[in-house]
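Trainee: Shown below is the structure under consideration.
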Amino acid sequence: MTGIFRANNPLNTFLLFVYGILLKFAWLFHPPIPAVQKNHGFLFNNLVSWIKPWFDLYPVSYFIVAYLLLFTQAVNLNQIIMNRRLIEKPNYLPAMTYLLITSLFSECNLLSAPLIINSALIWIFSKMSNLNHNQHPKSTLFNVGMAVGICSFLYLPSIIFGLLIIFSLLYTRPPKAAEWLIILIGVLTPWYFLATFLFLNNTLYSFSLPGFGITYPKIQKIKPEDIGAILAIILTVTGAFFVKMVSSKQIVQVRKNWGYLGFYLLIAIAIPFVNQTYETGQWMFALVPASAFIACVFYYPRRHWIPRVLQWLVVGLVLYLAYFTK
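Just so you know, we're using our numbering here: the sequence shown kicks off at 95 and counts up by one.
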(Lines of atoms letter the chains of each structure in order from A and count residues from 1; the text may use other names and numbers.)
(Lines give C-alpha, C1' and ligand atoms only; values in the text may rest on other atoms or scores of the structure.)
Protein backbone atom coordinates (compact mmCIF):
# COMPACT_ATOMS: atom_id res chain seq x y z
CA MET A 1 0.00 0.00 0.00
CA THR A 2 2.91 2.40 0.57
CA GLY A 3 3.73 2.11 -3.14
CA ILE A 4 0.19 3.19 -4.05
CA PHE A 5 0.05 6.10 -1.61
CA ARG A 6 3.51 7.35 -2.57
CA ALA A 7 1.92 8.56 -5.82
CA ASN A 8 0.07 11.84 -6.10
CA ASN A 9 -3.01 10.31 -7.72
CA PRO A 10 -6.47 11.87 -7.11
CA LEU A 11 -7.90 8.35 -7.05
CA ASN A 12 -5.91 7.80 -3.85
CA THR A 13 -8.49 9.79 -1.89
CA PHE A 14 -11.08 7.11 -2.63
CA LEU A 15 -8.56 4.32 -2.02
CA LEU A 16 -7.66 5.97 1.27
CA PHE A 17 -11.31 5.95 2.32
CA VAL A 18 -11.58 2.21 1.54
CA TYR A 19 -8.22 1.54 3.24
CA GLY A 20 -9.45 3.17 6.44
CA ILE A 21 -12.75 1.27 6.39
CA LEU A 22 -10.93 -2.04 6.03
CA LEU A 23 -8.60 -1.19 8.92
CA LYS A 24 -11.50 -0.26 11.19
CA PHE A 25 -13.97 -2.88 9.98
CA ALA A 26 -14.17 -4.59 13.38
CA TRP A 27 -15.61 -1.45 15.00
CA LEU A 28 -18.26 -1.15 12.30
CA PHE A 29 -20.15 -4.06 13.89
CA HIS A 30 -19.17 -3.33 17.48
CA PRO A 31 -19.05 0.47 17.66
CA PRO A 32 -18.04 1.97 21.02
CA ILE A 33 -20.73 4.23 22.46
CA PRO A 34 -19.69 7.51 24.12
CA ALA A 35 -20.93 8.46 27.55
CA VAL A 36 -21.18 11.65 29.57
CA GLN A 37 -18.01 11.99 31.63
CA LYS A 38 -17.10 14.45 34.36
CA ASN A 39 -13.62 15.10 33.01
CA HIS A 40 -14.98 16.10 29.59
CA GLY A 41 -16.16 19.61 28.85
CA PHE A 42 -19.75 20.69 29.31
CA LEU A 43 -20.17 21.30 25.57
CA PHE A 44 -19.20 17.74 24.65
CA ASN A 45 -21.37 16.24 27.39
CA ASN A 46 -24.34 18.30 26.22
CA LEU A 47 -23.69 17.16 22.65
CA VAL A 48 -23.62 13.49 23.72
CA SER A 49 -26.81 13.92 25.74
CA TRP A 50 -28.50 15.53 22.75
CA ILE A 51 -27.63 12.86 20.15
CA LYS A 52 -27.99 9.79 22.37
CA PRO A 53 -31.76 9.32 21.97
CA TRP A 54 -31.30 8.97 18.18
CA PHE A 55 -27.83 7.46 17.87
CA ASP A 56 -28.42 4.75 20.50
CA LEU A 57 -31.11 3.32 18.21
CA TYR A 58 -28.46 2.82 15.52
CA PRO A 59 -25.08 2.54 17.31
CA VAL A 60 -23.27 2.32 13.98
CA SER A 61 -24.00 6.05 13.67
CA TYR A 62 -21.31 6.72 16.27
CA PHE A 63 -18.75 4.84 14.18
CA ILE A 64 -19.79 6.63 10.98
CA VAL A 65 -19.36 10.07 12.55
CA ALA A 66 -16.06 9.09 14.19
CA TYR A 67 -14.69 7.64 10.96
CA LEU A 68 -15.73 10.65 8.88
CA LEU A 69 -13.89 12.87 11.37
CA LEU A 70 -10.79 10.66 11.18
CA PHE A 71 -10.88 10.54 7.38
CA THR A 72 -11.30 14.29 6.93
CA GLN A 73 -8.53 14.88 9.45
CA ALA A 74 -6.24 12.53 7.52
CA VAL A 75 -6.95 14.26 4.20
CA ASN A 76 -6.58 17.77 5.66
CA LEU A 77 -3.34 16.90 7.44
CA ASN A 78 -1.99 15.38 4.23
CA GLN A 79 -2.90 18.47 2.23
CA ILE A 80 -1.21 20.81 4.71
CA ILE A 81 1.98 18.74 4.77
CA MET A 82 2.11 18.72 0.98
CA ASN A 83 1.26 22.42 0.59
CA ARG A 84 3.96 23.40 3.09
CA ARG A 85 6.42 20.99 1.36
CA LEU A 86 7.32 19.24 4.59
CA ILE A 87 7.95 16.15 2.48
CA GLU A 88 9.81 16.50 -0.82
CA LYS A 89 7.23 15.16 -3.28
CA PRO A 90 3.40 15.15 -3.11
CA ASN A 91 1.99 11.87 -1.84
CA TYR A 92 -0.71 10.42 0.40
CA LEU A 93 1.54 8.79 2.98
CA PRO A 94 0.71 11.17 5.88
CA ALA A 95 -3.02 10.46 5.44
CA MET A 96 -2.37 6.71 5.19
CA THR A 97 -0.20 6.88 8.30
CA TYR A 98 -2.83 8.74 10.33
CA LEU A 99 -5.54 6.18 9.53
CA LEU A 100 -3.10 3.34 10.20
CA ILE A 101 -1.78 4.63 13.53
CA THR A 102 -5.22 5.57 14.86
CA SER A 103 -6.34 2.01 14.11
CA LEU A 104 -3.91 0.75 16.77
CA PHE A 105 -6.01 2.33 19.51
CA SER A 106 -9.66 1.45 20.04
CA GLU A 107 -10.27 4.84 21.70
CA CYS A 108 -9.61 6.55 18.36
CA ASN A 109 -12.74 4.92 16.93
CA LEU A 110 -14.90 6.41 19.66
CA LEU A 111 -16.70 9.69 19.18
CA SER A 112 -14.92 11.75 21.82
CA ALA A 113 -13.87 15.27 22.68
CA PRO A 114 -10.19 14.70 21.70
CA LEU A 115 -11.33 13.36 18.32
CA ILE A 116 -13.39 16.47 17.60
CA ILE A 117 -10.68 18.79 18.89
CA ASN A 118 -8.09 17.23 16.57
CA SER A 119 -9.98 18.71 13.61
CA ALA A 120 -9.60 22.17 15.14
CA LEU A 121 -5.92 21.59 15.93
CA ILE A 122 -5.19 20.61 12.32
CA TRP A 123 -6.91 23.82 11.19
CA ILE A 124 -4.80 25.80 13.68
CA PHE A 125 -1.66 24.12 12.34
CA SER A 126 -2.67 25.15 8.82
CA LYS A 127 -3.11 28.79 9.84
CA MET A 128 0.02 29.08 11.98
CA SER A 129 2.30 27.31 9.49
CA ASN A 130 1.36 29.91 6.87
CA LEU A 131 1.30 32.95 9.14
CA ASN A 132 4.31 34.66 7.57
CA HIS A 133 2.50 34.75 4.22
CA ASN A 134 -0.74 35.98 5.74
CA GLN A 135 -1.76 39.55 4.91
CA HIS A 136 -4.02 39.74 7.97
CA PRO A 137 -2.05 38.05 10.79
CA LYS A 138 -3.91 39.76 13.63
CA SER A 139 -7.32 38.43 12.56
CA THR A 140 -5.77 34.97 12.12
CA LEU A 141 -4.26 35.06 15.60
CA PHE A 142 -7.59 36.10 17.10
CA ASN A 143 -9.40 33.29 15.25
CA VAL A 144 -6.97 30.57 16.29
CA GLY A 145 -7.05 31.86 19.87
CA MET A 146 -10.84 31.72 19.84
CA ALA A 147 -10.68 28.18 18.40
CA VAL A 148 -8.57 27.10 21.39
CA GLY A 149 -11.09 28.74 23.72
CA ILE A 150 -13.98 26.85 22.12
CA CYS A 151 -11.99 23.59 22.25
CA SER A 152 -11.68 24.05 26.01
CA PHE A 153 -15.49 23.87 26.18
CA LEU A 154 -15.19 20.35 24.79
CA TYR A 155 -12.21 19.35 26.92
CA LEU A 156 -10.79 21.85 29.41
CA PRO A 157 -7.08 20.79 29.36
CA SER A 158 -6.98 21.55 25.63
CA ILE A 159 -6.67 25.22 26.56
CA ILE A 160 -2.96 24.42 27.03
CA PHE A 161 -2.67 24.39 23.25
CA GLY A 162 -2.67 28.16 23.52
CA LEU A 163 1.02 27.68 24.29
CA LEU A 164 1.39 26.15 20.85
CA ILE A 165 0.27 29.39 19.22
CA ILE A 166 2.66 31.44 21.36
CA PHE A 167 5.54 29.10 20.56
CA SER A 168 4.80 29.39 16.86
CA LEU A 169 5.03 33.17 17.12
CA LEU A 170 8.30 33.02 19.05
CA TYR A 171 9.74 30.53 16.61
CA THR A 172 8.74 32.25 13.38
CA ARG A 173 8.38 35.98 14.12
CA PRO A 174 9.96 38.69 16.28
CA PRO A 175 8.05 38.85 19.60
CA LYS A 176 5.32 41.48 19.69
CA ALA A 177 3.26 42.11 22.83
CA ALA A 178 0.27 43.20 20.73
CA GLU A 179 0.08 39.82 18.99
CA TRP A 180 0.27 37.95 22.29
CA LEU A 181 -2.55 40.12 23.62
CA ILE A 182 -4.68 39.35 20.55
CA ILE A 183 -4.21 35.62 21.17
CA LEU A 184 -5.20 36.01 24.83
CA ILE A 185 -8.30 37.99 23.87
CA GLY A 186 -9.21 35.31 21.35
CA VAL A 187 -8.91 32.52 23.93
CA LEU A 188 -10.93 34.45 26.52
CA THR A 189 -13.68 35.65 24.15
CA PRO A 190 -15.72 32.38 24.23
CA TRP A 191 -15.43 32.34 28.02
CA TYR A 192 -16.61 35.94 28.19
CA PHE A 193 -19.72 35.13 26.17
CA LEU A 194 -20.34 32.02 28.27
CA ALA A 195 -20.07 34.00 31.52
CA THR A 196 -22.41 36.65 30.12
CA PHE A 197 -24.97 34.01 29.12
CA LEU A 198 -24.82 32.31 32.52
CA PHE A 199 -25.07 35.62 34.33
CA LEU A 200 -28.14 36.71 32.35
CA ASN A 201 -29.77 33.35 33.11
CA ASN A 202 -28.82 33.56 36.80
CA THR A 203 -26.83 30.31 36.63
CA LEU A 204 -23.31 31.69 36.88
CA TYR A 205 -22.64 30.51 40.43
CA SER A 206 -24.14 27.05 39.90
CA PHE A 207 -21.95 26.36 36.85
CA SER A 208 -19.00 24.07 37.54
CA LEU A 209 -15.99 22.95 35.52
CA PRO A 210 -13.68 19.95 35.82
CA GLY A 211 -10.41 21.04 37.30
CA PHE A 212 -6.80 20.33 36.49
CA GLY A 213 -4.74 17.74 38.29
CA ILE A 214 -1.45 15.92 38.00
CA THR A 215 -2.04 12.28 37.04
CA TYR A 216 0.07 9.49 35.64
CA PRO A 217 -0.62 6.03 34.20
CA LYS A 218 -0.36 3.09 36.56
CA ILE A 219 1.36 0.34 34.62
CA GLN A 220 0.85 -3.04 36.26
CA LYS A 221 1.51 -5.31 33.28
CA ILE A 222 1.94 -4.95 29.56
CA LYS A 223 -1.35 -5.34 27.69
CA PRO A 224 -1.71 -6.15 23.99
CA GLU A 225 -2.85 -2.57 23.36
CA ASP A 226 0.41 -1.29 24.82
CA ILE A 227 2.32 -2.93 21.96
CA GLY A 228 0.71 -0.47 19.58
CA ALA A 229 1.74 2.47 21.76
CA ILE A 230 5.33 1.23 21.97
CA LEU A 231 5.45 0.74 18.20
CA ALA A 232 4.03 4.24 17.59
CA ILE A 233 6.71 5.75 19.85
CA ILE A 234 9.50 3.88 18.06
CA LEU A 235 8.21 4.93 14.63
CA THR A 236 7.83 8.57 15.73
CA VAL A 237 11.40 8.74 17.01
CA THR A 238 12.64 7.08 13.81
CA GLY A 239 10.70 9.58 11.74
CA ALA A 240 12.25 12.44 13.70
CA PHE A 241 15.70 11.11 12.77
CA PHE A 242 14.73 11.11 9.10
CA VAL A 243 13.49 14.71 9.41
CA LYS A 244 16.78 15.69 11.04
CA MET A 245 18.72 13.88 8.33
CA VAL A 246 17.12 15.84 5.47
CA SER A 247 16.75 19.17 7.30
CA SER A 248 19.93 20.61 5.76
CA LYS A 249 18.30 20.35 2.33
CA GLN A 250 15.11 22.12 3.40
CA ILE A 251 14.36 25.82 3.36
CA VAL A 252 14.10 27.73 6.63
CA GLN A 253 10.29 27.88 6.67
CA VAL A 254 10.01 24.10 6.26
CA ARG A 255 12.42 23.53 9.16
CA LYS A 256 10.38 25.93 11.28
CA ASN A 257 7.17 24.06 10.49
CA TRP A 258 8.80 20.79 11.54
CA GLY A 259 9.84 22.54 14.75
CA TYR A 260 6.22 23.60 15.22
CA LEU A 261 5.10 19.96 14.84
CA GLY A 262 7.73 18.89 17.36
CA PHE A 263 6.43 21.32 19.96
CA TYR A 264 2.86 20.33 19.06
CA LEU A 265 3.82 16.74 19.87
CA LEU A 266 5.38 17.70 23.23
CA ILE A 267 2.28 19.62 24.34
CA ALA A 268 -0.01 16.79 23.21
CA ILE A 269 2.04 14.30 25.23
CA ALA A 270 1.65 16.50 28.32
CA ILE A 271 -2.15 16.74 28.08
CA PRO A 272 -2.99 13.38 29.77
CA PHE A 273 -0.92 14.36 32.79
CA VAL A 274 -2.83 17.56 33.59
CA ASN A 275 -6.29 16.05 33.83
CA GLN A 276 -8.02 14.91 36.99
CA THR A 277 -8.64 11.45 35.52
CA TYR A 278 -6.15 9.57 33.37
CA GLU A 279 -7.54 7.98 30.19
CA THR A 280 -5.65 6.38 27.34
CA GLY A 281 -7.91 8.20 24.85
CA GLN A 282 -6.23 11.46 25.83
CA TRP A 283 -3.11 10.35 23.94
CA MET A 284 -5.04 10.84 20.71
CA PHE A 285 -3.92 14.47 20.65
CA ALA A 286 -0.37 13.25 19.98
CA LEU A 287 -1.30 11.12 16.96
CA VAL A 288 -1.68 14.08 14.59
CA PRO A 289 1.93 15.35 14.83
CA ALA A 290 3.22 11.81 15.34
CA SER A 291 1.67 10.76 12.02
CA ALA A 292 3.59 13.51 10.22
CA PHE A 293 6.88 12.14 11.57
CA ILE A 294 5.94 8.48 10.99
CA ALA A 295 5.06 9.27 7.36
CA CYS A 296 8.76 10.04 6.86
CA VAL A 297 9.57 6.46 7.86
CA PHE A 298 7.40 5.27 4.96
CA TYR A 299 8.85 7.83 2.52
CA TYR A 300 12.60 8.33 3.00
CA PRO A 301 14.17 4.82 3.14
CA ARG A 302 15.99 4.16 -0.14
CA ARG A 303 15.07 0.50 -0.09
CA HIS A 304 11.34 0.61 -0.73
CA TRP A 305 10.74 -2.89 0.55
CA ILE A 306 11.44 -1.68 4.10
CA PRO A 307 8.41 0.66 4.42
CA ARG A 308 6.24 -1.89 2.61
CA VAL A 309 7.10 -4.65 5.05
CA LEU A 310 6.77 -2.26 7.99
CA GLN A 311 3.35 -1.11 6.85
CA TRP A 312 2.06 -4.67 6.58
CA LEU A 313 3.48 -5.50 10.00
CA VAL A 314 1.51 -2.60 11.48
CA VAL A 315 -1.60 -3.72 9.58
CA GLY A 316 -1.11 -7.22 11.01
CA LEU A 317 -0.90 -5.75 14.52
CA VAL A 318 -4.07 -3.73 13.89
CA LEU A 319 -5.95 -6.89 12.84
CA TYR A 320 -4.60 -8.82 15.80
CA LEU A 321 -5.69 -6.16 18.27
CA ALA A 322 -9.10 -5.80 16.61
CA TYR A 323 -10.05 -9.46 16.27
CA PHE A 324 -8.00 -11.50 18.75
CA THR A 325 -7.76 -9.41 21.92
CA LYS A 326 -11.42 -8.58 22.50
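Think of the CB as a built atom: it goes at the ideal place given N, C-alpha and C, for glycine as much as any other residue.
Could you round the C-beta distance between A207 and A189 to whole angstroms and report it? I think they count as a contact, below 8 Å.
Mentor: A207 to A189, Cβ: 23 Å. No contact.
Trainee: Using a Cβ distance threshold of 8 Å, determine whether the segment 164–178 contacts the segment 137–155, with at least three qualifying pairs required.
Mentor: The segment 164–178, when compared against the segment 137–155, does not touch it at the 8 Å Cβ threshold.
Trainee: CB-CB under 6 Å to I277, same chain, minus the five flanking residues each way: which ones, in chain order?
Mentor: Result list for I277: L235, G239, I259, in chain order.
Trainee: State the start and end residues of the unbroken alpha helix (DSSP H) segment that holds Q347.
Mentor: It spans 346–364 - the alpha helix (DSSP H) in which Q347 sits, taken as one unbroken run.
Trainee: Report all residues from its chain with a CB closer than 6 Å to the CB of F247; omit the five preceding and five following residues, and keep chain order.
Mentor: Cβ within range, chain order: G135, L137.
Trainee: Take F186 and list the residues in its own chain whose beta-carbon comes closer than 7 Å to its own, dropping the five residues that flank it on each side.
Mentor: As written in the sequence, residue 186 is Tyr, which differs from the Phe given in the question. Only F99, N106, L110, N172 meet the Cβ criterion.
Trainee: Please look up how many angstroms separate the CB atoms of G322 and V281, rounded, as I've assumed it's under 8 Å.
Mentor: Not quite, the Cβ-Cβ distance comes to about 34 Å (not below 8 Å), so this is no contact.
Trainee: Under the three-state reduction of DSSP, which class applies to P208: helix, strand or coil?
Mentor: Reduced to three states, the DSSP call for P208 is helix.
Trainee: Within the same chain, show all residues whose beta-carbon is closer than 6 Å to that of V142, passing over the 5 residues directly before and after it, in chain order.
Mentor: Hits under 6 Å: P128, V130.
Trainee: Assign Y152 to one of three DSSP states: helix, strand, or coil.
Mentor: Three-state DSSP puts Y152 in coil, outside helix and strand.
Trainee: Which value, in whole angstroms, describes the spacing of the CA atoms of F199 and I388?
Mentor: Cα-Cα distance, rounded: 16 Å.
Trainee: Decide yes or no for the touch test of the segment 348–361 against the segment 407–414: beta carbon pairs closer than 8 Å, at least 3 of them.
Mentor: No: the two stretches stay apart, fewer than three of their Cβ pairs being nearer than 8 Å.
Trainee: If you run the structure through DSSP and keep just helix, strand and coil, what is L105?
Mentor: Looking at L105 - three-state DSSP - the assignment turns out to be coil, as it is neither helix nor strand.
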